[in-house]
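Heads up: the structure comes next, in structure tokens.
Protein chains: 2
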Amino acid sequence: MTSVQKITKRAIILKEAAKLFKEKGFGGATMRDLAERVGIEAASMYNHIRSKDELLEEICFGIGRKYDEQLSQIDQKKITYPEKIEAVIAFHIQMIIEDANAVSVLNNDWKFLNSGQMIEFKAMRNEYEKHLAALISKGIEQGAFKKINVSVALFTILSSLRWVELWYKPSRGISKEDLAKDISAILMNGVKA
Amino acid sequence: MTSVQKITKRAIILKEAAKLFKEKGFGGATMRDLAERVGIEAASMYNHIRSKDELLEEICFGIGRKYDEQLSQIDQKKITYPEKIEAVIAFHIQMIIEDANAVSVLNNDWKFLNSGQMIEFKAMRNEYEKHLAALISKGIEQGAFKKINVSVALFTILSSLRWVELWYKPSRGISKEDLAKDISAILMNGVKA
DNA sequence: TTCCGAAACTAACAAACGTTAGTTAGTTTT
DNA sequence: AAAACTAACTAACGTTTGTTAGTTTCGGAA
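Those protein sequences? They're chains G and E, same order as listed. When we follow my numbering, the leftmost residue of the first sequence carries the number 1, and every step to the right adds one. When we follow my numbering, the leftmost residue of the second sequence carries the number 194, and every step to the right adds one.
This is the structure we're talking about:
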């Protein structure tokens, strides 16, 4: 049994939910609409899931955990800080391309988590940002980066990456590697000649 | 009567609607919730507005037109292309700080416009992006910018600016001028030392 | 073939939704 | 003073929402 992932109906529902939430937003998406895409009746979905909220929760925290793990892995590598930042840029793009819908939901619909989960989510996100900010700070200390405002740099980088979700289509004919290279180049070296 | 703007109830509803839509999303916001914030009954609002959709429409196109006008004004100025881009960055930040809620609605809830208005909105946005892309292209031709991928540069800049909405608070103690300067610096010159 | 549990179905619920209708009090216009 | 207008109200409308209950279908194990 070497990593043969069983495709459960639950997984199908989650996948379609991510797509639907991205298209209509969590509030605008209805369970009947989702059920139609899955190919069963709305009521039947409750044999596989607990609630609409549970779908959102699983999407947000599932993706969130992936980000955390990847960042930790990169941080442990023995490479320079600019290389680490570039690795972060590359894996953000990879995540967005691999799991576009779920990443979009994480970015846009986390505010519909119930209050307890929302607090947890915000804590997770804060920690992630802190972790990334630390990489920038150390890079500055070592003289690898300019003496920039760390918060501004952090959010400029994170935000630059978010648009990939809105923009990237395979049809545009630019590979994810080239995209990562181009974005890295601009953020690292700017646009001015 | 020198520019004495009368504060109509309609204007109050629009202002509160922008705030509410930002908080809960267009789908998650209810007319009863909005009415409560305005201080009247939900039904009473219909003496001042036509529908919930109309609120969204007015917010999106009102802000959209402001962006268009400002960009045109900057383009007409006799300054260099890097200076024009920096001016665009400054006014985006200005817009976000002055009209945070409405800008957020434009960015996140335009997809809830009815189909006709959505087409119009997308056309407006495409034109705006084309206009801005042309500024970058000309800057490259003149040798003022590196030979970068114009689309990547365009969206990296636009996306970097969007996060200001999520991040900026007067309480952080950084002025909008300083913020514009720092963001400009990173986008123009990068982070690498 | 029989049996059983999983997974589908139909029907219905209560709550919430945007909106309309009808009315009333207060103000402005004629 | 009469008429018209403004802006608020209460009540209710017809839908749509997420979800539950009860029933049927169906594939695989005994």
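All residues carry an ideal CB built from backbone N, CA and C; glycine is no exception.
What residues in its chain sit with their C-beta under 8 Å from that of tyrosine 274/E, if we drop five residues either side in the sequence?
-> Leu328, Ile329, Lys331, Gly332, Gln335, Ala337, Phe338
First and last residue of the alpha helix (DSSP H) that includes histidine 241/E?
-> Where histidine 241/E is concerned, there is no enclosing alpha helix (DSSP H), given that its DSSP letter is neither H nor E.
With 8 Å set as the bound, which would you pick, yes or no: does the beta-carbon of threonine 223/E sit closer than that to a beta-carbon of chain G?
-> no
If you compare alpha carbons, which of Ala386/E, Gly255/E, Met288/E is closest to valine 357/E?
-> Met288/E
How would you label tyrosine 239/E, buried or exposed, when you count the other beta carbons within 10 angstroms and need 16 or more for buried?
-> exposed
Does the beta carbon of lysine 169/G fall short of 7 Å from some heavy atom of the ligand FAD?
-> Absence of the ligand FAD is noted for the structure shown, with no ligands found whatsoever.
Could you work out which residues of chain G lie near histidine 268/E, taking near to mean beta carbons separated by less than 8 Å?
-> One point to set straight first is that residue 268/E is aspartate, not histidine, in the sequence displayed. Simply none; closest approach about 18 Å.
At 9 Å on the CB atoms, spell out the chain E contacts of asparagine 189/G, in chain order.
-> Lys339, Asn382, Gly383, Val384, Lys385
Would you please verify whether the beta carbon of serine 159/G is less than 8 Å from any beta carbon of chain E?
-> yes
Quick one: which chain G residues come within Cβ less than 7 Å of glycine 336/E?
-> Ala193
For glutamate 69/G, count neighbouring Cβ atoms within 10 angstroms of its own Cβ and tell me buried if that reaches 16, exposed if not.
-> exposed
From the DSSP output, which residues share a beta bridge with phenylalanine 219/E?
-> DSSP lists no partner for phenylalanine 219/E.
Between Asn342/E, Glu370/E, Ile272/E, which lies nearest to phenylalanine 284/E when the distance is taken from Cα to Cα?
-> Glu370/E
Contact the region 221 to 230 of chain E vs the region 116 to 131 of chain G: 3+ CB pairs below 8 Å | no
Alpha carbon to alpha carbon, how far is isoleucine 341/E from arginine 10/G? Give it in angstroms, no decimals.
-> 44 Å
Within the region 301 to 338 of chain E, note down every full alpha helix (DSSP H) run reaching 4 residues or more, in order along the chain.
-> 308 to 334
Is lysine 362/E helix, strand or coil when you go by DSSP?
-> coil
In the DSSP assignment, find the unbroken alpha helix (DSSP H) run with serine 175/G in it and report its ends.
-> Element bounds for serine 175/G: n/a, residue is neither H nor E.
Mind listing which residues of the region 342 to 376 of chain E have their C-beta closer than 9 Å to chain G's C-betas, in chain order?
-> Asn342, Ser344, Val345, Ala346, Phe348, Thr349, Ile350, Leu351, Ser352, Ser353, Leu354, Arg355, Trp356, Val357, Leu359, Trp360, Arg365, Ile367, Asp371, Leu372, Asp375, Ile376
According to a CB-to-CB cut-off of less than 8 Å, which residues of the region 41 to 62 of chain G neighbour chain E?
-> none
Who pairs with lysine 385/E in a beta bridge, going by DSSP?
-> Phe145/G
Taking a Cβ distance cut-off of 9 Å, strictly less, list which residues of the region 72 to 106 of chain G are near chain E, in chain order.
-> Pro82, Ile85
What are the start and end residues of the alpha helix (DSSP H) that includes alanine 90/G?
-> 81 to 98
Nonlocal neighbours in the same chain, by C-beta distance under 7 Å from leucine 154/G, ignoring five residues either side = Glu129, Leu132, Ala133, Ile136
Taking phenylalanine 305/E as the query, report the chain G residues whose CB atoms sit under 9 Å from its CB, ordered along the chain.
-> Lys24, Gly25, Gly28
Close Cβ partners of threonine 201/E (< 6 Å) along its chain, the five nearest in sequence each way excluded | none
Taking 8 Å as the CB-CB cut-off, is isoleucine 12/G touching chain E?
-> no
For isoleucine 367/E and alanine 282/E, believed in contact at Cβ under 8 Å, the rounded distance = Looking at the sequence provided, one finds isoleucine at residue 282/E rather than alanine. Not quite, the Cβ-Cβ distance comes to about 15 Å (not below 8 Å), so this is no contact.
Proximity test, Cβ basis, 8 Å: asparagine 301/E and chain G | yes
Three-way DSSP call (helix, strand, coil) for threonine 156/G in this model | helix
Exposed or buried, alanine 280/E, counting other C-beta atoms within 10 Å across all chains shown (16 or more means buried)?
-> buried
6 Å Cβ shell around serine 51/G - same chain, five flanking residues per side excluded | none
Euclidean distance between Cα positions of glutamine 73/G and leucine 213/E = 40 Å
Same chain, Cβ closer than 7 Å to alanine 235/E, neighbours up to 5 away in sequence not counted = Met224, Arg225, Ala228
Interface residues of chain E around isoleucine 186/G at Cβ under 8 Å?
-> Ile341, Val345, Ala346, Thr349, Leu380, Gly383
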